[in-house]
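Each position in the sequence shown, counted from 1, maps to that position plus 210 in our numbering.
In this text, a Cβ means the ideal position worked out from N, Cα and C, and glycines have one as well.
This report refers to the structure that appears directly beneath it.
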Amino acid sequence: MRILIVEDDPGIAAGLQENLQQRGYAVDVCGNVAQAWSALCTEPFSAVLLDLGLPDQDGSELLKRLRGSPQAVPGVQRLPDPATPVLILTARDQVHQRIAGLDSGADDYLAKPFDVAELEARLRALLRRSAGRASPTITHGDLVVDPATRTVHRAGALVEMSPREFSVLLVLLEARGRVLSRQQLEERLYSWQSSLDSNAIEVHIHHLRRKLGGERIQTMRGVGYFIPWDSEG
């Protein structure tokens, strides 16, 4: 999952980026509204962590602009995505300020200072709702995936996998049967600072198939990868 942090305080931004990267997220940082809007128009983000007191404009202006973007055409990727979850992180902690932030389109609001563990829990909840899930875990056949603990069990047995393998699996499961190209997977899994081998996705898919069974992840030749999905998971 790829997260955009919009924060002009370098110390806060670096701390958040490091913590989230340790949890397996790909994280990009922008220090003002103009940079953030450019990023949202060019890259797909799973969620935005948005400060309000930014140097060029108030963060609420970015939120309003995002929510006012044209809706995506079904089956066609359109950036920026107006439905991108947004969690406001700000020192403005008065009740009327929180209400204004939520009414302007934020999905959640967390006042500074905050505990990083609470931020991570709120972020997981946003991503879960965005993916249309109520349950904190994802079940697919004999597979149970827990994004909170980043663990995978197959037929009750723990499956060891690298952080990147887990992220690839989670993105494919969250797609609920949609085919994702290699480029789409790379855009969702790697930040601007990430070093990326040309065959990295193929290598991760190969390892996942070996660990989860060859039929779990399927290939649509010339298009991409998908995990077959039905209403039962």
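Asked, Found
"Outcome for Val305 when other beta-carbon atoms lying within 10 angstroms are tallied against a minimum of 16", "exposed"
"Neighbour-count burial assignment, Cys251, 16 or more Cβ in a 10 Å radius", "exposed"
"Proximal residues to Ser377 (C-beta, below 6 Å), its chain only, five neighbours per side dropped", "Gly234, Leu399"
"Among His350, Thr429, Arg277, Ser401, the one whose alpha carbon lies nearest that of Ser314", "Arg277"
"Integer Cβ distance of Val243 from Gly269, believed to fall under 8 Å", "7 Å"
"Presumed contact (8 Å Cβ cut-off) between Ser372 and Arg212, rounded CB distance", "No, Ser372 and Arg212 are not in contact; Cβ-Cβ is about 18 Å, not under 8 Å."
"Spatially closest choice to Arg392 from Leu380, Ile415, Leu383, by CA coordinates", "Ile415"
"Leu353 versus Ala293, Ala327, Leu418, residue with shortest Cα-Cα distance", "Leu418"
"Unbroken stretches of the alpha helix (DSSP H), 4 residues or longer, contained in the stretch 370–433", "373–384, 392–399, 410–422"
"Any alpha helix (DSSP H) of 4 or more consecutive residues that is wholly inside the stretch 288–349", "305–313, 326–340"
"Spatially closest choice to Thr300 from Ile309, Asp291, Leu320, Ala316, by CA coordinates", "Leu320"
"Pairwise C-alpha distance: Asp238 and Gln403", "8 Å"
"Beta-carbon spacing of Ile437, Arg420 below 9 Å", "no"
"Under 9 Å between C-beta atoms of Ala385 and Leu336", "no"
"First and last residue of the uninterrupted alpha helix (DSSP H) at Leu276", "269–277"
"Close Cβ partners of Glu375 (< 6 Å) along its chain, the five nearest in sequence each way excluded", "His414, His417, Leu418"
"Secondary structure of Thr361, DSSP reduced to three states", "strand"
"Three-way DSSP call (helix, strand, coil) for Gly225 in this model", "helix"
"Simplified DSSP assignment, three categories, for Leu353", "strand"
"Exposed unless 16 or more other CB atoms sit within 10 angstroms - verdict on Thr359", "exposed"
"Whether Asp291 touches Lys322 by CB criterion (9 Å)", "no"
"Residues that DSSP places opposite Gly263 in a beta bridge", "Asp268"
"Residues near Leu382 by beta carbon distance below 6 Å, same chain, minus five either side", "Ile437"
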